[in-house]
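Protein chains in written order, with this note's numbering: chain A, 118 to 472; chain B, 10 to 301.
In structure tokens, the structure reads:
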């Protein structure tokens with residue numbers, strides 16, 4: 118870089134102004150997820166020392182926390198795209214619970230083939246995502262509030278309707294319905310590696326993360342997401358279809374909740390109306406730990422993967438370490454605060470410039 | 010294609026009302042190829058309303074807008090953009106956290122591949138950005154550098170380069186030098202001159218006569234929603250422009266400042282206040298004369 122700037126020579130005021138800035142910036146702001154990479158290594162090293170002899174380092178231990186990470190990570194990757202696009206979705210936990218219940222009630226209670234029930238719940242998720250997106254875009258209200266309302270509406274309706282339909286709040290018996298074996302293969306099977314069994318959810322997680330990264334970095338749509346999150350007005354001025362971007366992002370988070378709901382319903386052969394509670398907040402925590410800015414316009418899907426990995430390692434690591442699991446939330450909250458401080462620093466570096 | 014007789018854009022007796030407020034009344038203006046038309050006026054004179062009409066944000070209530078001699082009625086900024094009218098807004102030109110190339114192509118990304126593998130051709134975006142900026146005399150080493158790390162002048166210049174690359178025939182610049190230092194403003198003015206040399210028509214909106222006068226070919230002055238007149242540079246001196254446009258404001262400000270001083274030195278300042286008021290009156294007299 119330095120060579121080019123010298124070659125540019127005199128007569129251009131803009132050149133020499135920028136050289137020093139790029140140098141210092143490059144060192145500090147390599148990638149938005151750098152904080153999460155070092156965080157993940159630190160957390161892993163911490164539990165390797167504290168709980169290494171109690172199974173944290175074993176393949177089984179690894180498989181154990183990776184499932185936890187995967188189930189949050191699928192949500193977190195979709196939430197990361199949405200947050201880079203400048204919006205929040207607090208309704209995903211409820212959508213997760215509702216979708217699981219739709220699958221369980223339709224197949225176990227009404228005798229549907231499980232694939233039909235899964236398709237029905239997918240339609241429901243797409244509809245909710247669409248409504249969220251249109252509502253936020255049309256009214257201009259903060260998505261935080263809109264989806265907070267949606268969170269309660271969907272959770273309450275799930276509990277109310279399930280109780281009216283079945284008289285209970287838990288529905289089981291999925292293992293006996295048509296198509297369950299095939300569904301189990303796709304959503305809940307395990308792969309044996311070195312004597313430990315890894316859940317297929319991990320593959321879903323990594324696949325979705327790869328897809329999201331590709332969209333973000335290598336498609337026009339990805340560029341629009343970043344643009345809309347950075348400044349919706351500026352993006353609109355250059356012809357980005359802001360409404361379409363927002364609606365599709367909300368549909369993406371709803372579909373991620375649907376996928377996790379199906380994985381859980383098939384794994385546990387049933388569902389519970391409260392499933393997915395607080396997932397919306399944990400997903401945001403993972404995304405923010407992964408270096409995505411709360412204000413939008415900046416972040417990566419890989420960061421969300423690392424954030425979810427840290428979440429899984431902390432949650433299971435504490436169990437391995439023999440510490441009371443109550444302390445998990447303290448640990449997670451402290452990590453979130455540390456992450457936002459680092460993010461603020463990064464952002465100031467990035468936009469600091471002259472102004 | 011067309012001669013000097015048909016301007017690129019013609020605004021013909023345009024009026025715009027917001028409720029009972031008359032934002033613009035019977036304003037006419039035109040821009041030719043290879044010309045910088047400066048739109049001057051005080052705050053509230055109607056400059057913003059006029060450029061928003063030209064750039065398709067809202068339609069005029071009365072009057073007509075003609076592009077290449079044909080009457081048009083824009084329904085959206087995109088519509089105006091497709092007709093070759095690009096607007097660079099002061100603060101909303103670029104997205105600070107995005108890289109230069111990604112900003113440059115935002116909304117018009119070059120793509121390659123087919124079907125689901127259709128993707129953003131980032132290599133081409135980088136190369137074109139580099140080439141286009143080089144044509145404007147801006148040398149970029151790293152096109153992924155966040156735009157926020159660039160200076161205000163560089164950002165404006167890149168926004169201008171982008172508009173030129175995407176085939177703008179008319180460039181509307183809203184206060185491009187307002188937040189810039191002296192040197193920076195000079196850089197931006199140079200890019201405006203380059204755009205003009207490439208045959209674009211430029212509408213430059215500004216408060217600053219010292220920026221407008223050297224680059225402008227013609228000047229349209231607005232006052233309280235009406236056109237005071239359009240003047241070729243040969244017909245009007247810098248001082249007359251100042252007097253007509255900002256004279257009242259600047260001198261009022263001066264008399265206000267002097268009133269502040271008066272607290273400490275009443276007698277001496279009273280004279281100064283008086284003379285500043287006289288100046289303001291003279292300025293408005295000149296303004297009325299020229300208007301006639």
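Note that beta-carbon positions come from the ideal geometry of N, C-alpha and C, so glycine has one too. All figures in this text were calculated on a predicted structure; none of them were measured in a lab.
Which class does residue i belong to by DSSP, given the choice of helix, strand or coil?
i	result
residue 155 of chain B	strand
residue 465 of chain A	helix
residue 208 of chain B	coil
residue 440 of chain A	coil
residue 80 of chain B	strand
residue 291 of chain A	helix
residue 356 of chain A	coil
residue 104 of chain B	coil
residue 117 of chain B	coil
residue 183 of chain A	helix
residue 73 of chain B	strand
residue 232 of chain B	strand
residue 286 of chain A	coil
Would a C-beta distance cut-off of 9 Å place residue i and residue j closer than the cut-off?
i	j	result
residue 340 of chain A	residue 129 of chain B	yes
residue 410 of chain A	residue 106 of chain B	yes
residue 215 of chain A	residue 241 of chain A	yes
residue 99 of chain B	residue 145 of chain B	no
residue 453 of chain A	residue 405 of chain A	yes
residue 199 of chain A	residue 213 of chain A	no
residue 203 of chain A	residue 346 of chain A	yes
residue 64 of chain B	residue 181 of chain B	yes
residue 390 of chain A	residue 226 of chain A	no
residue 427 of chain A	residue 403 of chain A	yes
residue 438 of chain A	residue 291 of chain A	no
residue 131 of chain B	residue 110 of chain B	yes
residue 268 of chain A	residue 344 of chain A	no
residue 164 of chain A	residue 447 of chain A	no
residue 59 of chain B	residue 23 of chain B	yes
residue 378 of chain A	residue 363 of chain A	no
residue 210 of chain B	residue 40 of chain B	yes
residue 103 of chain B	residue 213 of chain B	no
residue 183 of chain A	residue 338 of chain A	no
Here's the rule: buried if 16 or more other CB atoms are within 10 angstroms of the residue's CB, otherwise exposed. What is residue i?
i	result
residue 350 of chain A	exposed
residue 321 of chain A	buried
residue 160 of chain B	buried
residue 285 of chain B	buried
residue 283 of chain B	exposed
residue 293 of chain A	exposed
residue 145 of chain A	Residue placement at residue 145 of chain A is flagged as unreliable, the pLDDT there being 49, under the threshold of 50; the coordinate-derived value follows with that caveat. Flag for residue 145 of chain A reads exposed.
residue 159 of chain A	exposed
residue 290 of chain B	exposed
residue 375 of chain A	buried
residue 310 of chain A	exposed
Can you list, in chain order, the residues of its chain whose CB lies under 6 Å from that of residue i, leaving out five sequence neighbours each side?
i	result
residue 380 of chain A	304, 318
residue 127 of chain B	120
residue 171 of chain B	113
residue 231 of chain A	224, 294, 296, 297, 300
residue 234 of chain B	31, 32, 33, 34, 55
Using a Cβ-Cβ cutoff of less than 8 Å, which residues in the same chain neighbour residue i once the five nearest sequence positions on both sides are dropped?
i	result
residue 21 of chain B	37, 72, 73, 74, 75
residue 133 of chain B	119, 121
residue 208 of chain B	42, 43
From which residue to which residue does the alpha helix (DSSP H) around residue i run?
i	result
residue 222 of chain B	218-224
residue 397 of chain A	396-406
residue 145 of chain B	First-last for residue 145 of chain B: undefined, no H or E at that position.
residue 168 of chain B	161-174
residue 88 of chain B	86-91
What does a CB cutoff of less than 7 Å around residue i pick up in its chain, not counting 5 residues either side in sequence?
i	result
residue 368 of chain A	243, 246, 247, 250
residue 140 of chain B	none
residue 166 of chain B	145, 147, 196, 197, 200
residue 370 of chain A	195, 196, 199, 206, 209, 246
Tell me where the beta strand (DSSP E) around residue i begins and ends.
i	result
residue 313 of chain A	313-316
residue 150 of chain A	First-last for residue 150 of chain A: undefined, no H or E at that position.
residue 26 of chain B	18-27
residue 302 of chain B	With chain B covering 10 to 301 only, the question about residue 302 of chain B has no answer from this structure.
residue 3 of chain B	Only positions 10 to 301 of chain B appear in this structure, which leaves residue 3 of chain B out of reach.
residue 238 of chain B	235-241
residue 33 of chain B	30-40
residue 245 of chain B	It is not in any beta strand (DSSP E) - residue 245 of chain B carries neither H nor E in the DSSP assignment.
residue 95 of chain B	94-97
Can you determine whether any heavy atom of the ligand SAM sits closer than 8 Å to the C-beta of residue i, and answer yes or no?
i	result
residue 69 of chain B	For the ligand SAM, the structure offers nothing, since it holds no ligand at all.
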